Amino acid sequence: MAKPDSRISLAEVARQTGTMLRRGDSAHYRDGLPPSLADLTESLFFSPGDGRIWLNDQRMLLWHSSAMGHLRRELIDTLGVDRARGLLTRAGYVSGARDAQLVRERWPNGDAASVFMAGTRLHALEGVVKVTPLAFDFDIDRGTYEGEFLWEHSSEDDEHIVAYGIGTEAACWSQVGYATGYVTSLFGQLVVFREVECRSMGAGVCRVIGRHAAAWGDVDEDLRYLQARDFRSLAEAPASRTALTAPALEPTPEVSGARHEIVGASSAFNSACHQLDRVARTQATVLFTGESGVGKEAFARRLHRISARADKPFIAVNCAAIPETLIESELFGVERGAYTGASSSRPGRFERADGGTLFLDEVGTLSLPGQGKLLRALQEGEVERVGGTRTLKVDVRVVAATNVDLQGEVRAGRFREDLFYRLNVYPIHLPPLRERRDDVPLLMNHFLRRESQRHDRRPTGFTARAVRAMLHYGFPGNIRELQNLIERGVISAEDGAPIDVAHMFRREQLSPETLLAIGAQGTLTADATPPPGRLLALLQQADAKGLSLPAIEHRLLREAVDAADGNLSAAARQLGITRAQLAYRLQRAEAAPRRRRGR
Ligand code: ZN
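This note's numbering applies: residue 812 is where the sequence shown begins, and numbers increase by one.
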């Protein structure tokens, strides 16, 4: 990743903020339009069993205000007021920018003034401060912003006053940073907030004024605490990382190439990537271990792509998918007449991968004779076609993968120990998705974009309930399963509407814990509105969207097939028709849209 430029680039900020907000003011502000306080509260959910709290897709912390006060005091005492103030202002800025991003992505078409007000509500929801707007007026096209607010119950003042008493300077530094971060990120122009009265100066409540940087005139001192470079790094980093909606869906080039992209930011994922980057440049044999569906082939492809062999072939073989009798000829090639049916000579995968990388997936399923030949190829760099007499030199880097414990297979006598040590030169363990849960939102976004494009659909993103369900789900099938869920959601949801739980999951996949949310009273409750029954949901949609009878029938058939895990006979029984009737109706329904789209 490129080192962030140390200069402010407001163009960068503007670039990612899009054009959602144009103008608004407090005189025309109407309470209750989305995102309302209830909408925002619904985005906060607790996962008490696994140590996580989320605000939409952002992980949050609930910790003691006094602990924050303690940290704040230590910062001031060790670094001095000025540097401590800078650190806290910038941390606040990050928080505000993140919240702006959340609002922008969840409510891309929200009422401008309500989107703006959401920042004050999130600040309150997060327990920091109660915000009351006195007046605000903004027009992004004219580049004007003017706002005045009262801050009550400022947590930062509470802590500051406990530690230092009443003084002569305002003390709500991180809160000022938050307001600056939220509004600047939302509007794409530098809007600077100043606290003109503060409880730490003896005022009853704090009063803050926000103004376009140009209107303030001299903002050097404000910028000193914000330390310019933070704008740029904030503007760039989170955009690609946490987007939960699919805003523009502009066609990205080479969708097929993107099929093997690896996506993540969790520490478990980073650690695997770090190992991969280290070993890629060498010639070492790499062994990927991990459960099915964790993306071993995607990692192998990346390894090849960043290695010195990148311009040579990458050949993948799934050893489990090839019958035992054919695996040798597949890997090493065959000479004409070697056996009945071998009517011509052809090269094996080793030969085809010459100069490049050979990826052997599920290597643990190779037969013992196959293992012997593989070992020789690895040791000697030579292969011999089945039925052949010549030995052929090959220069192949072997990358293997297994989802079984190869050492256990060695102990059980099913895997050659010498081959195990040949393959296990540089093992990389890929963690299951449940151990890198922080990546779930990134993957959701990644697959939402990809599948929407692939299926030519336009869902707007995910409902809060759907995000919650995904964050709680165990993903026994790992990334592949997540991808399937999103694909199903993209196909099932209506264009222009978000993907909901019922579009992705069958009820029995979800635990009751999934639906723990924060209720209107501010306490943890089970979700008050569980996903509607599928048929009911279908009928409601039909009512609302004017779905045609064939479309409803098709959805009903698909629901039944999904509920029966793809078993057509069972689904047909549920529907009270024969299997043949079901198959015919499905085929008819699914052929029609394809014909219309000319595919
Ligand atoms: Zn204050």
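We put the CB at the ideal spot given by N, CA and C, even for glycine. These numbers come from a predicted model, not from an experiment.
So what does residue i bridge to, in DSSP terms?
i            : result
residue 1395 : Per DSSP, none; premise fails for residue 1395.
residue 1100 : 1213, 1240
residue 1073 : In DSSP, residue 1073 forms no bridge with anything.
residue 1129 : 1172
residue 1017 : 962
residue 871  : 864
residue 1203 : 1194
residue 858  : 863
residue 835  : 949
Measure the CB-CB distance between residue i and residue j and report whether it falls below 9 Å.
i            : j            : result
residue 1186 : residue 1171 : no
residue 1128 : residue 1141 : yes
residue 1282 : residue 1242 : no
residue 1166 : residue 1120 : yes
residue 1239 : residue 1086 : yes
residue 1286 : residue 1245 : yes
residue 1256 : residue 1107 : no
residue 899  : residue 913  : no
residue 1003 : residue 973  : no
residue 993  : residue 924  : no
residue 1293 : residue 1258 : yes
residue 1254 : residue 1209 : no
residue 753  : residue 1183 : Missing from the structure shown is residue 753; the chain here goes from 812 to 1410 and no further.
residue 1368 : residue 1400 : yes
residue 1035 : residue 897  : yes
Looking only at its chain, what residues have a beta carbon closer than 8 Å to the beta carbon of residue i, apart from the 5 residues adjacent to it on each side?
i            : result
residue 1149 : 1140, 1196, 1197, 1198, 1199
residue 922  : 835, 841, 844, 845
residue 1193 : 1187, 1202, 1203, 1204, 1205
residue 902  : 985, 988
residue 928  : 840, 944
residue 1402 : none
residue 1155 : 1147
Check each candidate in the options and name the one with the smallest Cα separation from residue i.
i            : options                : result
residue 1363 : 890, 1305, 1317, 1384  : 1305
residue 1275 : 1250, 1248, 1312       : 1312
residue 1109 : 1174, 1073, 1103, 1193 : 1073
residue 861  : 1115, 1204, 1248, 1176 : 1248
residue 1280 : 1368, 901, 1265, 1296  : 1296
residue 966  : 880, 907, 991          : 880
residue 1387 : 1400, 1095, 1372       : 1372
residue 1309 : 1318, 1135, 1288, 1272 : 1272
residue 1191 : 1230, 926, 1178        : 1230
residue 1024 : 955, 859, 1392         : 955
residue 838  : 1037, 1318, 947        : 947
residue 1105 : 1250, 1178, 1180, 975  : 1250
residue 1318 : 1298, 1284, 1301       : 1284
residue 1178 : 1155, 897, 1134, 1154  : 1134
Quick one: residues in its chain with C-beta nearer than 7 Å to the C-beta of residue i, no 5 flanking neighbours on either side, listed in chain order?
i            : result
residue 1157 : 1144, 1145
residue 1164 : 1124, 1126, 1207
residue 1394 : 1379
residue 1269 : 1060, 1263, 1306, 1307
residue 1008 : 1014, 1017, 1018
residue 982  : 967, 968, 971, 1009, 1011
residue 1161 : 1142, 1143, 1169, 1188, 1194, 1205, 1207
residue 873  : 864
residue 1102 : 1214, 1243, 1289
Using a Cβ-Cβ cutoff of less than 6 Å, which residues in the same chain neighbour residue i once the five nearest sequence positions on both sides are dropped?
i            : result
residue 1375 : 1381, 1382
residue 980  : none
residue 1174 : 1130, 1211, 1213
residue 906  : 989
residue 1117 : 1091
residue 1033 : 1003
residue 1303 : 1314
residue 871  : 864
residue 1288 : 1104
residue 889  : none
residue 1176 : 1130, 1131
Compare the C-beta of residue i with all C-beta atoms of chain D and state if any pair is closer than 9 Å.
i           : result
residue 842 : Reference to chain D is not applicable here, since this structure consists of a single protein chain.
Heavy atom of the ligand MG less than 8 Å from the Cβ of residue i, yes or no?
i           : result
residue 968 : Looking for the ligand MG in the displayed structure turns up nothing; the ligands present are the ligand ZN.
- Is the number of C-beta pairs between the region 1230 to 1247 and the region 834 to 847 that are closer than 8 Å three or more? no
(message) Any contact between the region 859 to 870 and the region 941 to 961? By contact I mean 3 or more CB pairs, one from each, below 8 Å.
(response) no
Within 8 Å, do at least three Cβ pairs link the region 922 to 936 to the region 1020 to 1038?
no
If contact is defined by three or more beta carbon pairs under 8 Å, each pair taking one atom from either stretch, is the region 994 to 1007 in contact with the region 936 to 946? no
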